[in-house]
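Heads up, the sequence shown is in our numbering, so the first residue is -12 and it goes up one at a time.
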Amino acid sequence: MPPHILDGKKIALQKQATMATIIQNYNLQALPPHLAIIQVGDDTASHIYIKNKTKACKKIGIKTTEIYHTHISENKLYKIINELNEDPTIHGIIVQLPLPKNINPENILHKIHPAKDVDGFHFKNYGRLSFKLPTHVPATPLGILEMIHIHKIETKGKHCVIIGNSKIVGAPLGILMQHLQATVTICHIHTNDLTHFTKQADILISAVGKPGLITQKMVKKGVVIFDVGTTFVTDNHTISKYTLKGDVIFEEVSPICSAITPVPGGVGPMTVTALMHNTLRAAQGQVYTLQKNQTKIFKGY
Ligand code: NAD
């Protein structure tokens, strides 16, 4: 049987249409959901990610304000965040990573007010996630959970192997997959014999950023794969002169999978949509009031 291609773009567009209706119906236009995006430095990939985020937000009625600095001190950045924290018209704040070397992300990300921390990187939100309390779930893990939910992928008792233990993807995903009753293994750069673990995976999530890392001989037949990796690779055959590559060699691995996300068009669009979802919830003031079992746009968590 050919693998089921987990089409993130299609689900993302459906979710975005639902959110657009909610924004209209709730008559939020008077004070539209408003996301502030801060970029420091000149990272090319960050420019592209921010462009994608603002375009998607505008389409459904989420206002965005972009604050861009090539160079800035940690103190000055802290002041900008404080102003945004106190601005009642701003509902969500994100600081695009990576930051330049003169700024320690740990010093900055925890300065965003937890209710406006729509990336879910503040320690308070991370703690709430650990305790299964309503919170802003980081966007990429939330997008993956939604795909798991929509495609009814069994997680209970399954072995989920996550490659990458970053605070934005791998580590929170590990917690969330345990919440879904999976047996979780987290691998990283210091893992010896990666194949030993990937071979055991019923669900494999690769979040590394190394095209070609996952080959056919590293996975078992019937595995479900979420390829989070996104690496811009030079490609003179395209107008943009680059192409986006995942961690998995799609052509050779997909034939033996039961389901797999493509790159692009898999996890990426779901990540952007999850960020919009978090911003909408922040605007509705739901984050710390949402009760378990209350209707949510994202059902995965
Ligand atoms: P990161 O650099 O913070 O983390 C990379 C992780 O990979 C680390 O845990 C590291 O230990 C591990 N690693 C590195 N080399 C390895 C190897 N050879 N074997 C096993 N583990 C190895 O990166 P990140 O921010 O978590 O992002 C990871 C990838 O996911 C990047 O390509 C990034 O662009 C992509 N990403 C995509 C989305 C999306 O929406 N699709 C969102 C976030 C990140």
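Where is the CB? At the ideal position from N, CA and C, for every residue including glycine. None of the values given here were measured: they were computed from a predicted structure.
Boundaries cannot be given for G199, as no beta strand (DSSP E) includes it and DSSP labels it neither H nor E. The ligand NAD has a heavy atom closer than 6 Å to the beta-carbon of A194. In this chain, the beta strand (DSSP E) harbouring S193 covers 190 to 193. In this structure, V148 is the residue among V148, H264, K66 with its C-alpha nearest to the C-alpha of T172. Residues G252 of the same chain have their beta carbon placed closer than 7 Å to that of D(-6), with the five preceding and five following residues left out of the count. Counting the other CB atoms within 10 Å of its CB gives Y36 a total of 16 or more, which places it among the buried residues. A Cβ-Cβ distance of about 15 Å is found for the pair A261 and H78, leaving them out of contact under the 8 Å criterion. Taking each of P75, V82, T76 in turn and checking the Cα distance to S33, the smallest one comes out for V82. Taking a C-beta distance under 7 Å as the contact criterion, P(-11) and C244 do not qualify as a contact pair.
Checking the 6 Å criterion, the Cβ of I150 is within range of a heavy atom belonging to the ligand NAD. Residue environment: Q11 is assigned as exposed (fewer than 16 neighbouring CB atoms within 10 Å of its CB, all protein chains considered).
For S33, the Cβ stays outside the 6 Å cut-off from all heavy atoms of the ligand NAD. Between S193 and I226, the C-beta spacing is not below 7 Å. Sorting Q273, L167, V274, V259 by C-alpha distance to the C-alpha of Q3 places V259 at the top. In this structure, the CA atom of T266 is about 31 Å from the CA atom of V235.
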